[in-house]
Amino acid sequence: MKTNCLIVDDEPLSIKLIKGYINELDDFVLVGEARNALEALKIMEIEKIDLMFLDINMPRISGLELVKSIQYPPKIVLISGHKEYAIDGFELCVVDYLLKPISFDRFLKAVNKYKGKQILESRRERLKEKSEEKILSLKDNKKVYNVNLKDILYIESLREYVKIYSDSANILIKCALSKLDEGLPPDGFIRIHKSYIVAMNKVKVFSATSVEVGDKTIPIGRNYKSTVIKKLNNYGFFI
Numbered sequence: 127m128k129t130n131c132l133i134v135d136d137e138p139l140s141i142k143l144i145k146g147y148i149n150e151l152d153d154f155v156l157v158g159e160a161r162n163a164l165e166a167l168k169i170m171e172i173e174k175i176d177l178m179f180l181d182i183n184m185p186r187i188s189g190l191e192l193v194k195s196i197q198y199p200p201k202i203v204l205i206s207g208h209k210e211y212a213i214d215g216f217e218l219c220v221v222d223y224l225l226k227p228i229s230f231d232r233f234l235k236a237v238n239k240y241k242g243k244q245i246l247e248s249r250r251e252r253l254k255e256k257s258e259e260k261i262l263s264l265k266d267n268k269k270v271y272n273v274n275l276k277d278i279l280y281i282e283s284l285r286e287y288v289k290i291y292s293d294s295a296n297i298l299i300k301c302a303l304s305k306l307d308e309g310l311p312p313d314g315f316i317r318i319h320k321s322y323i324v325a326m327n328k329v330k331v332f333s334a335t336s337v338e339v340g341d342k343t344i345p346i347g348r349n350y351k352s353t354v355i356k357k358l359n360n361y362g363f364f365i
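Counting from 127, one number per residue, gives the positions in the sequence shown under our numbering.
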């Protein structure tokens, strides 16, 4: 599938450079060039834009102001001759920030970041679709609890009990964590500690020692570390 690109820059030489770089890539196609924010908005009304290479310093409306004005912006790679704008850019969750003059190697690194984000979002979406209607039925003291897998954040072992934390409610049942782990889909959940299982699509931040799910920071057990890192990397997280 081709990635539709738009260049927005008031410097013709900069447009020519980025255009040449895009033409070097088989799976990227340039569908528009704009010298200012208003021209960019007109192009976006007509064309589907996947990735925008956007200069920050433009007359009347800056690149940052343009991004803030778009309700559903495409992925953005910011371009500037001034590195002091980088923090403002990343607060808008842009893919990357390129400083002029831009080398092809640095341009390619930004493109690969975009591809990585697309892979991650695609995997998360597929996992969400898989678990959308799956129900986990749990029996405890003559009661049956039906929990939708897509709602589960993480599961904690509490001696003879386990506590399931979800978007809707928390449930405490008498059960071994290992037994519960056997009934969960391996492509959606991962045991990261002797006392914790987490839903991979609910992981917000991941490091070599812990994961963040919701407002909870959960440690990665030493004996689980290599498996956790490998599985989360395959899922789309990178450290």
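Think of the CB as a built atom: it goes at the ideal place given N, C-alpha and C, for glycine as much as any other residue.
I'd like the span of the beta strand (DSSP E) that includes residue i, first residue to last.
i      : result
TYR322 : 322 to 325
GLU338 : 336 to 339
VAL193 : Unbroken run through VAL193 is the alpha helix (DSSP H), 189 to 195; no beta strand (DSSP E).
GLY371 : Here the chain covers residues 127 to 365 and nothing more, so residue 371 does not appear.
VAL331 : 329 to 332
Can residue i and residue j be called in contact, C-beta distance under 7 angstroms?
i      : j      : result
LEU246 : VAL220 : no
LYS300 : GLU286 : yes
GLY158 : GLU137 : no
LEU275 : LYS260 : yes
MET178 : PRO200 : yes
VAL193 : LEU218 : yes
THR343 : SER352 : no
Give the DSSP-derived three-state secondary structure of residue i in the structure shown.
i      : result
LYS356 : helix
ARG348 : helix
ILE316 : strand
VAL296 : A small fix is needed here, since residue 296 is Asn in this sequence, not Val. Reduced to three states, the DSSP call for ASN296 is strand.
LYS235 : helix
TYR287 : strand
ASP307 : helix
LYS265 : strand
Pop quiz: residue i and residue j are said to be a contact at Cβ under 8 angstroms. What is the actual Cβ separation, rounded to whole angstroms?
i      : j      : result
ALA334 : ILE355 : 7 angstroms
ILE187 : ASN162 : 7 angstroms
LEU175 : SER206 : For clarity, residue 175 is Ile in the given sequence; the question names Leu instead. Actually they are not in contact, since the Cβ atoms of ILE175 and SER206 sit about 20 angstroms apart, beyond 8 angstroms.
LEU143 : ILE228 : 7 angstroms
Pull up the distance between the alpha-carbon of residue i and that of residue j, whole angstroms please.
i      : j      : result
MET170 : ALA295 : 42 angstroms
LEU132 : ILE202 : 10 angstroms
Along the chain, where does the alpha helix (DSSP H) that runs through residue i open and close?
i      : result
GLU165 : 163 to 172
ASN149 : 138 to 149
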